[in-house]
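Numbering (our numbering), first residue to last: 85 to 722.
Where is the CB? At the ideal position from N, CA and C, for every residue including glycine.
Before any comments, here is the structure.
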């Protein structure tokens, strides 16, 4: 796993400033502490930071081939590289290393841009063709590995794994993208379709850019998309086990210590069970525990570890240890308000003290419908389908307005959100269910200046467009697809990538393997969610392997008492964010509206812990960027 950077002049063979390229590269040293490299040619430069996993002695990057015609900088792992290597040898290619980088480069030489259809893995890479004066950029199918890029005012095209790589280039103007702030305040993360900094874009998952120097930069083109309910594959529990074991086996190739995260949940336990069946030594597993019993899952993880004979490591952390917030702002660059990033960072830190590569169970909820919100959405859709929207909207809007907001009450009495959901369209209802704020809260936070800059932008419109283009008749498949395009890449995979790379740990995700997804997407929705039980087929597949107390227990996740934090440990941080001169002077947040939300929370009238946490992280992220770019960015120096 690595960090990559690059500079290409738009239309001339201008000399590369190696000082700038090195600064862009070395600011990502955490992604690759084992080595660094630069390569420059006329009008082009590539940079690389390496975390050595395969062929430790070889595989240094940037790597050249074709008598120097082609140069690559690559972040990720290609799991089928050995099969591709054999195929390429049969086509006449020779190899000087045993690493996947050389296989990837020669796959491009042999098949061109179509090479992405042949490779399976997690990746973001750039290949420069000196003869054709062209740059090829690619990102893996689901977006496990990031790639940011921008066209700079000085005529250079720049790219980097993380935003901080681009921020290290003094030619990048630092102007805040208002739509990114609005979307962040709604969702708690900046979606992949936007970036906090104007000019900067993220290559979408499953997309490539093939750009010929001197021509306009083309828009990304898709080579893959997730599909549900297609094909006629066998959907037995045996088939699931076979496909998952194949995906796990492909991820056991490494020349460094390898292990797994183990929370004691279904997904991580299933992955570790397959590892235990494949490996000839105990699986090294890692988990963290909290000092609050209601949120601690370590006894479940220990139960699975003992059953599977794992070499298990546990570290207990204080749930209210919030000293890492400033570090998290630096780790993520953009504001990130999923507070589970804190325990995720901790489990990556613990794992890195034992292994260099860890397998995780991420993706199981999205693939097999594990979230409770799926069950609620399907139920609401049945009700929505019985009444036309034109009739449903006024009726349930009125009922929702009359019903009190009972944040403090048991879940069964909080009908206001359900009534409001029935008054919305399908896409609007699901957007609301995954949002951390409602329209009222965002309106309170939004100053007039921000309102004008947004120019009628609504973050829920992105959800509406995705769902309209998907055209799924099955409501479960529709929202699972929506999560693949938004939540999975913007929140889950971003969280895992940044926190693992901050600890120089490679995380591999077998449940998001390309071939596994092709099979899993063909599983009918009634085998994903059955009788109100999410992940039904996955759980059935591991009956007899894992105990029912693991398979059918209530999902916990990395929960946190965030509402309580805002009245205690984070009260002063929330006050500082609400009164932030930086947020006020940038015209992003109305201090009076923010103070209204804080006062409502402190009085207990309405609970706003998640949005207050989002304001804290927005303030910290922008403050960090302002400090980094102050000299070159008057708009942030105000």
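Member of the options whose CA lies at the smallest distance from the CA of residue i
| i | options | result |
| --- | --- | --- |
| residue 169 | 184, 415, 159 | 184 |
| residue 343 | 350, 358, 349 | 358 |
| residue 638 | 118, 205, 348 | 348 |
| residue 461 | 566, 329, 145 | 566 |
| residue 253 | 697, 604, 105, 582 | 105 |
| residue 206 | 235, 227, 636 | 227 |
| residue 68 | 360, 436, 326 | Any question about residue 68 goes unanswered here, given that the chain covers just 85 to 722. |
| residue 86 | 398, 420, 117 | 117 |
| residue 598 | 203, 419, 270 | 203 |
| residue 138 | 164, 656, 125 | 164 |
| residue 274 | 709, 702, 708 | 702 |
| residue 246 | 110, 619, 95 | 110 |
| residue 268 | 673, 147, 119, 687 | 673 |
| residue 678 | 528, 250, 551, 178 | 528 |
| residue 124 | 134, 214, 691 | 214 |
| residue 398 | 442, 406, 345 | 345 |
| residue 236 | 212, 301, 292, 194 | 301 |
| residue 436 | 632, 363, 366, 591 | 591 |
| residue 156 | 191, 113, 362 | 191 |
| residue 333 | 173, 647, 593, 680 | 593 |
| residue 684 | 709, 647, 395, 700 | 647 |
| residue 416 | 542, 114, 541, 94 | 114 |
| residue 688 | 619, 651, 467, 149 | 651 |
| residue 541 | 523, 552, 632, 407 | 523 |
| residue 136 | 618, 698, 255, 588 | 588 |
| residue 201 | 177, 173, 162, 179 | 162 |
| residue 293 | 413, 282, 233 | 233 |
| residue 271 | 393, 381, 457, 575 | 575 |
| residue 539 | 263, 178, 186, 251 | 263 |
Sequence-distant residues of its chain with Cβ nearer than 6 Å to residue i (five each side left out)
| i | result |
| --- | --- |
| residue 90 | 130, 210, 243 |
| residue 98 | 127 |
| residue 717 | Caution is warranted here: a pLDDT of 44 is assigned to residue 717, below 50, making its placement in the model unreliable, and the coordinate value is therefore given only provisionally. Contacts found: 258. |
| residue 584 | 432, 591 |
| residue 719 | Residue confidence for residue 719 is low, a pLDDT of 45 falling below 50, so the modelled location carries little weight and cannot support an answer. |
| residue 134 | 86, 116, 118, 119 |
Close-in-space but distant-in-sequence residues of the same chain around residue i (CB under 8 Å, 5 per side omitted)
| i | result |
| --- | --- |
| residue 616 | 459 |
| residue 465 | 510, 559 |
| residue 618 | 449, 452, 453, 454, 455, 456, 458, 459, 612 |
Where residue i falls, given that 16 or more other Cβ within 10 Å makes a residue buried
| i | result |
| --- | --- |
| residue 497 | Its pLDDT being 40, under 50, residue 497 is placed unreliably in this model, and the coordinates cannot settle the point. |
| residue 411 | exposed |
| residue 610 | exposed |
| residue 198 | exposed |
| residue 175 | exposed |
| residue 521 | buried |
| residue 557 | exposed |
| residue 423 | buried |
| residue 100 | buried |
| residue 669 | exposed |
| residue 510 | buried |
| residue 248 | buried |
| residue 225 | buried |
Those residues which DSSP pairs with residue i across a bridge
| i | result |
| --- | --- |
| residue 590 | 441 |
| residue 159 | 208 |
| residue 148 | 155 |
| residue 132 | 88, 121 |
| residue 233 | 243, 285 |
| residue 370 | 345, 397 |
| residue 452 | Answer by DSSP bridge pairing: none, since residue 452 is not bridged. |
Test item: CB-CB of residue i and residue j under 8 Å
| i | j | result |
| --- | --- | --- |
| residue 229 | residue 160 | yes |
| residue 544 | residue 515 | yes |
| residue 431 | residue 341 | no |
| residue 188 | residue 154 | no |
| residue 223 | residue 280 | no |
| residue 706 | residue 666 | yes |
| residue 693 | residue 531 | no |
| residue 290 | residue 350 | no |
| residue 444 | residue 580 | yes |
| residue 434 | residue 338 | no |
| residue 568 | residue 450 | yes |
| residue 704 | residue 409 | yes |
| residue 696 | residue 681 | yes |
| residue 361 | residue 328 | no |
| residue 613 | residue 560 | yes |
| residue 195 | residue 406 | no |
Same chain only: Cβ atoms within 7 Å of residue i, ignoring 5 sequence neighbours per side
| i | result |
| --- | --- |
| residue 571 | 518 |
Any non-hydrogen atom of the ligand GDP closer than 7 Å to residue i Cβ
| i | result |
| --- | --- |
| residue 249 | For the ligand GDP, the structure offers nothing, since it holds no ligand at all. |
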